[in-house]
Amino acid sequence: MSTSPTRIVMKFGGTSVADLDRIRAVAARVKEERDKGHQVAVVVSAMAGVTNRMVGYCHALDPMADAREYDAVVASGEQVTSGLTAIALQALGVPARSWQGWQIPFRTDDAHGKARIEDVEGAALLACMEQGVVPVVAGFQGVAPDQRISTLGRGGSDTSAVAVAAAIKADRCDIYTDVDGIYTTDPRIVKKARKLERIAFEEMLELASVGAKVLQTRSVGLAMKEKVRVRVLSSFAPMTEQSGSLVVDEDEIMEKELVTGIAYSLDEAKISVRRIPDRPGIAAAIFSPLTAARVNVDMIVQSVGSDGMTNMTFTVGKADQARALAALEAESDVIQYGEIQTDSDVVKISVVGIGMRSHSGMASTMFETLAERGINVQVISTSEIKISVLIAAEYMELAVRALHTAYGLDAD
Ligand code: ASP
Ligand code: MG
Numbered sequence: 001m002s003t004s005p006t007r008i009v010m011k012f013g014g015t016s017v018a019d020l021d022r023i024r025a026v027a028a029r030v031k032e033e034r035d036k037g038h039q040v041a042v043v044v045s046a047m048a049g050v051t052n053r054m055v056g057y058c059h060a061l062d063p064m065a066d067a068r069e070y071d072a073v074v075a076s077g078e079q080v081t082s083g084l085t086a087i088a089l090q091a092l093g094v095p096a097r098s099w100q101g102w103q104i105p106f107r108t109d110d111a112h113g114k115a116r117i118e119d120v121e122g123a124a125l126l127a128c129m130e131q132g133v134v135p136v137v138a139g140f141q142g143v144a145p146d147q148r149i150s151t152l153g154r155g156g157s158d159t160s161a162v163a164v165a166a167a168i169k170a171d172r173c174d175i176y177t178d179v180d181g182i183y184t185t186d187p188r189i190v191k192k193a194r195k196l197e198r199i200a201f202e203e204m205l206e207l208a209s210v211g212a213k214v215l216q217t218r219s220v221g222l223a224m225k226e227k228v229r230v231r232v233l234s235s236f237a238p239m240t241e242q243s244g245s246l247v248v249d250e251d252e253i254m255e256k257e258l259v260t261g262i263a264y265s266l267d268e269a270k271i272s273v274r275r276i277p278d279r280p281g282i283a284a285a286i287f288s289p290l291t292a293a294r295v296n297v298d299m300i301v302q303s304v305g306s307d308g309m310t311n312m313t314f315t316v317g318k319a320d321q322a323r324a325l326a327a328l329e330a331e332s333d334v335i336q337y338g339e340i341q342t343d344s345d346v347v348k349i350s351v352v353g354i355g356m357r358s359h360s361g362m363a364s365t366m367f368e369t370l371a372e373r374g375i376n377v378q379v380i381s382t383s384e385i386k387i388s389v390l391i392a393a394e395y396m397e398l399a400v401r402a403l404h405t406a407y408g409l410d411a412d
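Under this note's numbering, think of the first position of the sequence shown as 1, with each following residue one higher.
This is the structure we're talking about:
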C-alpha cells in the first residue's frame with residue numbers, strides 16, 4: 001500500500017471465525033493492525049455453518065416461517081461471534097466491545113430476510129474508536145422500522161462491512177476470506193489464473209454477478225456508490241504488502257486491461273418460445289407476464305423466420321425456470337406460441353474488462369476462440385464492459401481455459 005490508511009474496517013467471514021483458534025487468530029490480526037497505529041473497526045460473520053443450521057431450524061418448523069422471527073433466529077450467529085471476538089481481543093490486552101445492529105443503529109427497510117440498508121449511524125462507533133476501543137460489529141443484521149431485528153440476505157455481512165466503512169469514512173475496507181484475492185478466473189478450473197492486484201468496481205460488479213462468488217454483489221454496488229476502497233484477502237495466508245486484491249474506482253487503475261477476467265455462471269436456464277406469429281407487441285406480451293411473476297430475464301435473442309413466425313429465446317436463473325414457464329403458459333392465448341422448449345444444461349461465460357469501452361474486436365476474439373473448439377454459441381449479450389455467451393454446460397471448462405489463453409490472461 002502506498003498510502004498509510006489511518007482508519008480501516010476489517011471484516012472476517014465465516015471460515016475466518018470458524019472456531020476459537022480462528023477467532024484468536026483474528027484477534028491477533030486485528031491487534032497487529034492496531035499496533036501499526038491504525039484505528040480499526042471489526043465486522044464479523046457467523047461461525048462457518050451456523051447460519052445454515054439456523055435457517056434449517058426455521059424451515060424445519062415451518063417452510064413459510066414468519067420472516068421477522070426468522071431474522072431473530074438467523075441474526076444470532078453474528079451476535080455470538082461479535083461477543084467472542086471482543087473477548088479474544090480483550091484477552092490480548094486490546095480494549096474491545098461488541099455492537100449489535102440495533103445498538104449502532106444500523107437501519108434497514110422492513111423487508112425481513114433480505115432487508116436493504118437505509119442508514120448507518122457512524123457517531124457511536126467513531127466515539128468508541130476515539131476512546132481506543134475496537135468496535136466489533138455483528139454483520140448481516142440491522143434494525144427495521146418496526147424496531148425488530150432484520151437481516152440483509154445470505155452473504156450480507158460483506159455489505160455490512162462496506163456500509164460501516166462508509167459510515168465511519170474508513171480509508172479502506174479489508175474483507176478477510178478464504179481466498180487470497182480476486183483472480184482472472186476460477187483458479188480451480190484454470191491453473192494459470194492470475195491474482196489481480198487491482199480491479200475496478202464495475203468489473204468486480206460484473207464478475208460478482210456472473211459467478212465469481214467472492215463478494216456479495218450488493219457489497220460491491222454499495223462500495224462503488226460510496227467510493228469505499230475494498231481489499232479482498234485471506235485470513236489464512238501470511239500478510240505481506242502484496243496481499244490480496246484491491247477493488248477501487250477505475251481512476252485508480254493506471255493500466256486498463258482490455259480483459260480483466262472471465263467468469264462463468266451455472267445458474268442459467270434457457271427458455272425458447274417458438275413459432276410465434278411475428279407482430280408488434282410480441283416482446284411485451286412475453287416479458288410483461290415474466291416481470292409480473294418477478295422473474296429476472298437476463299440474455300435475450302429473437303430469431304425471425306421467413307414465414308412470418310418468430311422465436312424468442314432468453315435465459316433466467318434456474319430457480320425461476322418453473323415460475324417463468326407457468327407465467328408464459330397462463331398467457332398462451334395472448335402469445336399464441338407453437339411450443340416452449342427449455343434447457344438447463346447451459347452455462348454463461350462472460351469476458352469482462354473496462355478497457356473494452358475503447359476497443360473494438362473484443363467480441364470476435366471470443367467467437368473465433370469458441371468456434372475453433374467447435375463450441376456452439378446459443379445466445380449472446382453484451383454491455384459496455386462485458387460480452388456473455390450461453391453455451392452447452394459440458395464445454396464450460398474448455399471454453400474458460402481457451403478464452404483465458406486467447407485474451408492473454410495466462411500467468412507465465
Ligand atoms: N452469516 C450470514 C450468512 O451465512 C452472513 C454472511 O456470512 O455474510 O449468509
Ligand atoms: Mg461471504
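We treat Cβ as the ideally placed atom computed from N, Cα and C, and that holds for glycine.
Remember, it's a predicted structure, so these values are computed and weren't measured experimentally.
Short Cβ contact (8 Å threshold) for residue i with residue j
i, j, result
"I262", "S350", "yes"
"A46", "G14", "yes"
"R172", "R231", "yes"
"A326", "V316", "no"
"G142", "T108", "yes"
"V134", "L92", "no"
"D278", "T310", "yes"
"A161", "V43", "yes"
"R275", "Y176", "no"
"E268", "K213", "no"
"Q100", "Q131", "no"
"L205", "T260", "no"
"S383", "M299", "no"
"D174", "I8", "yes"
"F140", "A86", "no"
Counterpart residues of residue i in DSSP-defined beta bridges
i, result
"Y264", "I349"
"S383", "K386"
"W99", "V137"
"M309", "P277"
"Y183", "K195"
"D174", "M10 and R231"
"K270", "T315 and D343"
"A41", "V9"
When the options are compared against residue i, the one with the closest alpha-carbon
i, options, result
"I340", "K270, L20, D21 and V73", "K270"
"T369", "E394, V179 and V400", "V400"
"R68", "N311, H112, R172 and V26", "H112"
"I182", "L233, R154 and E202", "L233"
"E372", "G153, L390, F12 and A406", "A406"
"A170", "M54, I335, K11 and H404", "K11"
"F201", "D320, K348, R229 and R7", "R229"
"S364", "I354, V346, K386 and V347", "K386"
"Y395", "V136, K348 and R357", "K348"
"D66", "T382, L403 and S150", "S150"
"S157", "A402, Q147, V136 and L258", "V136"
"V273", "T313, A292 and L207", "T313"
"V304", "A392, A283, F367 and D249", "A283"
"A392", "T382, M356 and L266", "L266"
"L403", "S98, M366, S243 and I375", "M366"
"G49", "V17, A208 and K114", "V17"
Beta-carbon contacts of residue i that lie in its chain and below 6 Å, excluding the five residues immediately before and after
i, result
"S4", "Only weak support exists for where S4 lies, its pLDDT of 49 falling under 50; the coordinates are left without a value."
"W102", "V143"
"E331", "P289"
"M1", "Unreliable placement is indicated for M1, whose pLDDT of 45 sits below 50; no coordinate value is reported for it."
"K192", "D410 and A411"
"I117", "T108 and A163"
"S219", "D158, T159 and V162"
"I189", "E397 and V400"
"A72", "I149"
"C128", "P135"
"V334", "A285"
Other residues of its chain near residue i: CB distance less than 7 Å, five sequence neighbours each side excluded
i, result
"L126", "I168"
"F236", "D178"
"H359", "L258"
Near the ligand ASP: residue i beta-carbon under 7 Å from a heavy atom
i, result
"G14", "yes"
"D174", "no"
"A161", "no"
"A18", "no"
"T177", "no"
"G156", "yes"
"A138", "no"
"A46", "yes"
"T51", "yes"
"E415", "Lying before the first or after the last residue shown, residue 415 is absent from the chain, which here runs from 1 to 412."
"G101", "no"
"G261", "no"
"G77", "yes"
Test: residue i CB closer than 8 Å to a CB of chain D
i, result
"A166", "No chain D is present in this structure, which holds just one protein chain."
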